[in-house]
Amino acid sequence: MTDRLRLGVNIDHVATVRNARGSGYPDPVRAALLAVEAGADGITAHLREDRRHITDEDIARLVAELTVPLNLEMAATEEMLGIALKH
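Have a look at this one:
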């Protein structure tokens with residue numbers, strides 16, 4: 001058996017650009033799906049308490065659409081724990 005490095009792609013900056021534009025483009029979920037199609041082994045998203053980048057809706061869509069592991073970066077708060085456990 002050989003161990004191989006695994007690639008996780010962070011999609012936070014895609015969400016930052018979307019939010020700066022005030023539109024739905026670029027879509028971080030679409031970016032995640034493109035990364036998986038290109039060979040990513042997992043996706044990382046940072047759900048901040050202020051929702052500055054990734055949103056709750058993004059997390060719900062990622063959970064529904066991804067076929068690879070989703071790594072959630074979150075603060076250690078009751079609210080964030082509840083969101084993580086919900087998904």
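Letter 86 of the sequence shown, counting from 1, is numbered 86 in this note's numbering, and no numbers are missing. Note that beta-carbon positions come from the ideal geometry of N, C-alpha and C, so glycine has one too.
### Message
Within the continuous alpha helix (DSSP H) that includes L81, where are the two ends?
### Response
It spans E78 to K86 - the alpha helix (DSSP H) in which L81 sits, taken as one unbroken run.
### Message
Buried or exposed for V89, going by 16 or more other Cβ atoms inside 10 Å?
### Response
It is not possible to answer for residue 89, since the shown part of the chain is limited to 1 through 87.
### Query
DSSP state of A40, grouped into three classes?
coil
### Query
N10: which of A32, R21, G22 and L66 sits nearest, CA to CA?
A32
### Query
Thinking just about the alpha-carbon of each residue, which of L70, E49 and R30 is nearest to the one in E78?
E49
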